[in-house]
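Colleague:
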Amino acid sequence: MITEQGVKDFLHTGGYIADDAIATAVFLALRMEKPILIEGPPGVGKTGLAKALSTALDFPLVRLQCYEGIDEGKALYDWEYGKQLLYTQLLRTQLDSYLSVSADLREAVERLSAEESLFFSKNFLVQRPILRSFLSEKRSLLLIDEIDRSDDEFEALLLECLSDFQVSIPELGVIEAKRKPLVILTSNGTRMISDALRRRCLYLYIGYPELEREVAIVRVKFPDLCETLARQMVDFLRKARELNLRKAPSVSETLDWAQVLSILKATKLTPEMVANTVGVIAKHQTDLQKVTELAVQELS
Amino acid sequence: MERIVARFVAALRESGIRVSPGESLDAVQALALAGMEGRRSSRQLLRLTLVKNVNDIPTFDVAFNRFFNRFQFNDPEIDISGLMDAAIVNMEGEFLNLDQLQGDDHDEPGPLLKLDSDINPEDLQELKSLTEIDPDDSDGNETVVQIKGYRGKAKAPRPTRRYTQNPLTIELNKSNSAVRDITFSPEEQAAMQDVVSRMMLRLRKDMRRMKNDQSRGKLHVIKTIQKNYRHDMVPFQVALRRKRREKPRLVVLCDVSFSVSHASRFMLLLLHTLHNQLLEVRSFIFNREVAEITEMLSNMPVNDLMETIDEGDIVDLDENSSFGQVFLSFKKKYLENLRGRPAFIILGDARNNYGEANDWVLDEIREKARYMLWLTPEERDTWSRGDCLMETYGSYCDKVEVVKTVEDLSLVVEDLLRDIYADNAHPLDKKRLREAKAAEVYDSKDYYTRGGSGEPAAFDPSGRSHW
């Protein structure tokens, strides 16, 4: 029996500091066997949550990166035409002898079509991520990353998979999931996702973390960084987020910066230190300037 | 518990959040699984299962605090009249506090969720009848207001209502002369994003079909052979030659003088948002002189650009606008090097300050253009008054539209894009599109507000003089 606190604890062992909302969502997703749709600004740990979960729960991670133009051949399954063709070529002699028994063409066609299922069997099926996670012997974690990059048609395709955990293949029939995977969808909100898909998911919005949580995240990832520096740096970044930058520094930038600072063996933030490492946190030229100015203002 | 959730869902629907029955079932299941230890966790559970959009979260929080404040009956044994009194006192008190509650999305020290032993629909009925008992009571109205929220019988939120409640209906007309705040608030930008993304959604389907049609062509033999090499040259996958795909080109001339600045702001924002999304836009702004801002639109944050324009760095804003002169210099500087046959949009009030009209230039532009559209923020009645040359200039345009809101603007632009695409489309599609368009019924609220003429304005070059 898993509890919410349990979820938090095992995520912690996976190196992920969850807040209550995240823990509750994961807990519910596990119990209700429903997908979670995670939205939030880039770099707050949407994909990171999936990865941490997969290590913590020991579910194999099956990742499907969405892009414009992704279709069922890339996401669900595909037939291996080349292999099918190769087999017919190699088996030509057997086929000849098998078909030579038949008296006329009609009978030959009938004999051949009786064996059709041979060529549309699982032998020739390429499993793409979704089908692979459904057919996995162990309960897996299916990460459908950046769903907002895909097209509407693909979203519609997902509906059947996500609500019933099954895939319909015309030649084989409906294939049901052996073990229902834990499904995590992430979106950066570049496109509105349809209500139909939203309805099938639990909805989790991950924003920028609170001060304490962010400090804790830094401390977990970089234990050798001293507490005061971690706090000072997180505090500075939180102020930078309010600057109205083109790309606000996110948790991933915090971690990058923490790494840089620990490599540089910094003990205290100074305006010079910020100016030297500003490229890690600001990603646009105008932003660089604003952040450096903030550093002079705040730290000197 | 089911009933509480159902009532809460009804309250949510009343505040405009769309919740499906499936989602309410999820909520019940979630509550059953996780238990209801605290207000915080219950709220989280409900939010996870019922709200599926970031923008709805603040509304949810307000609704939650309001709804679960009502159930402050701690003793289930209490008799019904006491309960009723408590309810009314509670509600009145709450009514007074409503204002504070509105902006409050934090947890308050409210009660936990209570199960439905406390109150049942009969009580509610009785509560409702209270208003009929003493209608003279001065508190009557307030009680009605509260009970209305109580009843939980919400009409399904009509999409049109939601539409109009959205921030999209920012009035362009609103005069902002008192405080000339030229930059956009995040809300306005978000609203514009919203309008554009909706527009894109509507357009995308048509566009894609047309794109597919456009790209089909003859067999590309070499590519087909290459592609099917591994299939032993059996052409399983066919490669077709691509036809040249024409990107619709748009040229926008936007008046930025003070008289129309409230409208041109939004035009510029729309352009900024549209830029590079699906078409090639060249944007010009003018007052007395004309300048191209295409580069700036795609490279600068919109607010910086607005400030630059406002400071008069690009075109001098202190002079009176002169359409005639602008057209002349536009012809001299830019007309020759416009590629293709672009569609023209001119935004302005055509108030020429009694200068030379130079309307013959428009005729030349018209020859270069595929389509010409004039947008004006003024009503048709004023078109011939004073120094307004709308009637003169209008006769050169395919269409003159009155735009007042962002929504108008986006609809007009969408319509234009559709027309352009239809123009590029395959002959078969063209026919189908034309039929589809003819079949559309325009009601009076439609954006074809062509002052009383009443005729639906289909894209038809022959009709261009009879607006």
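Protein chains in written order, with my numbering: chain G, 238 to 537; chain S, 58 to 524.
In this text, a Cβ means the ideal position worked out from N, Cα and C, and glycines have one as well.
1) Which residues in the same chain as Arg428 (chain G) place their Cβ atom closer than 7 angstroms to its Cβ, once the five residues preceding and following it in sequence are excluded?
2) Checking contacts by CB at 7 angstroms: is Gln283 (chain S) closer than that to chain G?
3) Anything in the stretch 449 to 470 of chain S with a Cβ closer than 8 angstroms to a Cβ of chain G? List those residues in chain order, please.
4) Give the C-beta separation of Gly412 (chain S) and Val317 (chain S) to the nearest angstrom, bearing in mind that I take them to be a contact with Cβ-Cβ under 8 angstroms.
5) Relative to the ligand SAM, is the shortest distance from any of its heavy atoms to the C-beta of Cys303 (chain G) smaller than 6 angstroms?
6) Please list the terminal residues of the continuous beta strand (DSSP E) segment that includes Leu430 (chain S).
7) Please state whether the Cβ-Cβ distance between Val76 (chain S) and Leu69 (chain S) is less than 7 angstroms.
8) Is any beta-carbon of chain S found at less than 7 angstroms from that of Thr261 (chain G)?
9) In its own chain, which residues sit with a C-beta less than 6 angstroms from the C-beta of Ala87 (chain S), not counting the 5 before and 5 after it?
10) Extract the residue ranges of the alpha helix (DSSP H) inside the stretch 406 to 462 of chain S, only unbroken runs of 4 or more that lie entirely within it.
11) With Pro279 (chain G) and Asn481 (chain G) assumed to form a contact (beta carbons below 8 angstroms), what rounded beta-carbon distance in angstroms separates them?
12) According to DSSP, is Gly285 (chain G) helix, strand or coil?
13) Where does Tyr499 (chain S) land, buried or exposed, given buried means 16+ other C-beta within 10 angstroms?
14) Please return the same chain residues whose Cβ sits closer than 7 angstroms to the Cβ of Asp432 (chain G), not counting the five positions on each side in sequence.
15) Taking only the alpha-carbon atoms, compute the straight-line gap between Glu374 (chain G) and Lys415 (chain G) and give it to the nearest angstrom.
16) Can you tell me whether DSSP reads Ala503 (chain G) as helix, strand or coil?
17) Does Met363 (chain S) get closer than 7 angstroms to chain G when you measure Cβ to Cβ?
18) For Tyr318 (chain G) and chain S, any beta-carbon pair shorter than 7 angstroms?
19) Across which residues does DSSP place Arg456 (chain G) in a beta bridge pair?
20) Could you have a look at Arg306 (chain S) and say whether DSSP puts it in helix, strand or coil?
21) Comparing the C-beta of Val111 (chain S) with each C-beta of chain G, is any distance below 7 angstroms?
22) Taking a cut of 8 angstroms between CB atoms, which residues from the stretch 73 to 103 of chain S lie near chain G?
23) Report the neighbours of Arg287 (chain S) on chain G: residues whose CB is nearer than 7 angstroms to its CB, in chain order.
24) Could you say which of G:Leu409, G:Leu531, G:Thr423 and G:Ser337 lies nearest to Met510 (chain G) if we only look at CA atoms?
25) Assign Gln382 (chain S) to buried or exposed, taking buried as 16 or more other Cβ atoms, counted over all protein chains shown, within 10 Å of its Cβ.
26) Would you mind working out which of S:Glu448, S:Asp476 and S:Tyr428 sits nearest Arg437 (chain S), comparing C-alpha positions?
27) From which residue to which residue does the beta strand (DSSP E) around Val263 (chain G) run?
28) Hey, is the stretch 304 to 315 of chain S in contact with the stretch 279 to 289 of chain S, meaning 3+ C-beta pairs nearer than 8 angstroms?
29) What in chain S is Cβ-close to Asp257 (chain G), meaning under 9 angstroms?
30) List, in order along the chain, the chain G residues whose C-beta lies closer than 7 angstroms to that of Ile114 (chain S)?
31) Based on DSSP bridge pairs, tell me the residues matched to Phe341 (chain S).
32) Measuring alpha carbon to alpha carbon, tell me which residue in G:Lys359, G:Gly243, G:Ser350 and G:Leu286 is nearest Arg268 (chain G).
33) According to the Cβ coordinates, are Val295 (chain S) and Arg339 (chain S) closer than 7 angstroms?
34) Any C-beta of chain S within less than 8 angstroms: which residues of the stretch 402 to 431 of chain G qualify?
35) In the DSSP assignment, what residue or residues form a beta bridge with Gln403 (chain G)?
36) How far does the alpha helix (DSSP H) with Ile279 (chain S) in it extend, from its first residue to its last?
Modeller: This is what the structure gives:
1) Taking the first residue of the first sequence as position 1, residue 428 (chain G) is located at position 191. Setting aside the 5 residues that flank it on each side, Arg428 (chain G) is surrounded in the same chain by Asp385, each with a C-beta closer than 7 angstroms to its C-beta; the list follows chain order.
2) As a working mapping, residue 283 (chain S) is identified with position 226 in the second sequence. Not a single CB atom of chain G sits nearer than 7 angstroms to the CB of Gln283 (chain S).
3) Within the stretch 449 to 470 of chain S, contact with chain G at the beta-carbon level (separation under 8 angstroms) is assigned to no residue.
4) Start at 1 with the first residue of the second sequence, and residue 412 (chain S) comes out as number 355. Start at 1 with the first residue of the second sequence, and residue 317 (chain S) comes out as number 260. Not confirmed; about 16 angstroms, so no contact.
5) Among the components of this structure there are no ligands whatsoever, and the ligand SAM is therefore not found.
6) Residue numbering aside, residue 430 (chain S) sits at position 373 when the second sequence is read from its first letter. Looking at the DSSP string, the run of the beta strand (DSSP E) that includes Leu430 (chain S) is Tyr428 to Thr433.
7) Sequence index remark: in the second sequence, residue 76 (chain S) carries index 19 (1-based). Sequence index remark: in the second sequence, residue 69 (chain S) carries index 12 (1-based). A distance below 7 angstroms separates the beta carbons of Val76 (chain S) and Leu69 (chain S).
8) On the first sequence, position 24 is the one that residue 261 (chain G) refers to. At a cut-off of 7 angstroms between C-beta atoms, Thr261 (chain G) counts as an interface residue with respect to chain S.
9) For the purposes of this step, residue 87 (chain S) is taken as the residue at position 30 of the second sequence. Within the same chain, Ala87 (chain S) has close Cβ partners Leu102 and Thr106.
10) Fully enclosed alpha helix (DSSP H) runs of 4 or longer: 416 to 425 and 447 to 451.
11) Walking along the first sequence from the start, residue 279 (chain G) turns up at place 42. Walking along the first sequence from the start, residue 481 (chain G) turns up at place 244. That belief does not hold up - the Cβ atoms of Pro279 (chain G) and Asn481 (chain G) are roughly 17 angstroms apart, past 8 angstroms.
12) Walking along the first sequence from the start, residue 285 (chain G) turns up at place 48. Looking at Gly285 (chain G) - three-state DSSP - the assignment turns out to be helix.
13) Looking up residue 499 (chain S) in the second sequence gives position 442. With a pLDDT of 44 at Tyr499 (chain S), under the threshold of 50, the modelled position of this residue cannot be trusted; read the value that follows with caution. Of the residues assessed, Tyr499 (chain S) falls on the exposed side of the cut-off, its CB having fewer than 16 other CB atoms within 10 angstroms.
14) Along the first sequence, one-based indexing puts residue 432 (chain G) at 195. The answer is none, since no qualifying residue turns up.
15) For the purposes of this step, residue 374 (chain G) is taken as the residue at position 137 of the first sequence. For the purposes of this step, residue 415 (chain G) is taken as the residue at position 178 of the first sequence. Approximately 7 angstroms between the Cα atoms of the pair.
16) Locating residue 503 (chain G) in the first sequence gives position 266, counting from the first residue. The DSSP-derived three-state label of Ala503 (chain G) is coil.
17) By 1-based counting over the second sequence, the position of residue 363 (chain S) is 306. Residue contact check for Met363 (chain S) against chain G: no CB pair falls below 7 angstroms.
18) Here the question's residue 318 (chain G) lines up with position 81 in the first sequence. Interface residue, yes.
19) Residue numbering aside, residue 456 (chain G) sits at position 219 when the first sequence is read from its first letter. The partner list for Arg456 (chain G) (beta bridge, DSSP) is empty, contrary to what the question assumes.
20) Mapped onto the second sequence, residue 306 (chain S) falls at position 249. Reduced to three states, the DSSP call for Arg306 (chain S) is strand.
21) As a position in the second sequence, residue 111 (chain S) is number 54, starting the count at 1. Taking Cβ atoms only, chain G reaches closer than 7 angstroms to Val111 (chain S), which makes this a yes.
22) Answer in chain order: Arg75, Ser77, Gly79, Glu80, Asp83, Gln86, Ala87, Leu90, Ala91, Arg97, Ser98, Gln101 and Leu102.
23) Counting from one through the second sequence, the residue named residue 287 (chain S) turns up at place 230. Those within 7 angstroms of Arg287 (chain S) in chain G are Gly319.
24) The sequence position of residue 510 (chain G) within the first sequence is 273, counting from 1. When each option's Cα is compared against that of Met510 (chain G), the closest is G:Leu531.
25) Working through the second sequence from its first residue, we reach residue 382 (chain S) at position 325. Buried.
26) As a first step, residue 437 (chain S) is located in the second sequence; it is residue number 380 there, counting from the start. Minimum Cα distance to Arg437 (chain S) is reached at S:Glu448.
27) In the first sequence, counting from the first residue as 1, residue 263 (chain G) sits at position 26. Per DSSP, Val263 (chain G) lies in no beta strand (DSSP E); the unbroken alpha helix (DSSP H) holding it starts and ends at Asp257 to Met269.
28) With the cut-off at 8 angstroms, the stretch 304 to 315 of chain S and the stretch 279 to 289 of chain S do not touch.
29) Walking along the first sequence from the start, residue 257 (chain G) turns up at place 20. By Cβ distance, chain S contributes Arg97, Ser98 and Gln101.
30) Residue numbering aside, residue 114 (chain S) sits at position 57 when the second sequence is read from its first letter. In chain order, Tyr442 make up the part of chain G whose C-beta sits under 7 angstroms from the C-beta of Ile114 (chain S).
31) Counting from one through the second sequence, the residue named residue 341 (chain S) turns up at place 284. Answer is S:Leu310 and S:Glu349, bridged to Phe341 (chain S).
32) Taking the first residue of the first sequence as 1, we reach residue 268 (chain G) at position 31. Nearest C-alpha to Arg268 (chain G): G:Gly243.
33) Numbered from its first residue, the second sequence carries residue 295 (chain S) at position 238. Numbered from its first residue, the second sequence carries residue 339 (chain S) at position 282. With respect to the 7 angstroms criterion, Val295 (chain S) and Arg339 (chain S) are not classified as neighbours on the basis of their beta carbons.
34) Cβ contacts with chain S come from Gly426, Arg428 and Met429.
35) As a working note, residue 403 (chain G) is residue 166 in the first sequence. Gln403 (chain G) is bridged by DSSP to G:Glu413.
36) Translated into positions along the second sequence, residue 279 (chain S) becomes position 222. Note, Ile279 (chain S): alpha helix (DSSP H), Val278 to Lys284.
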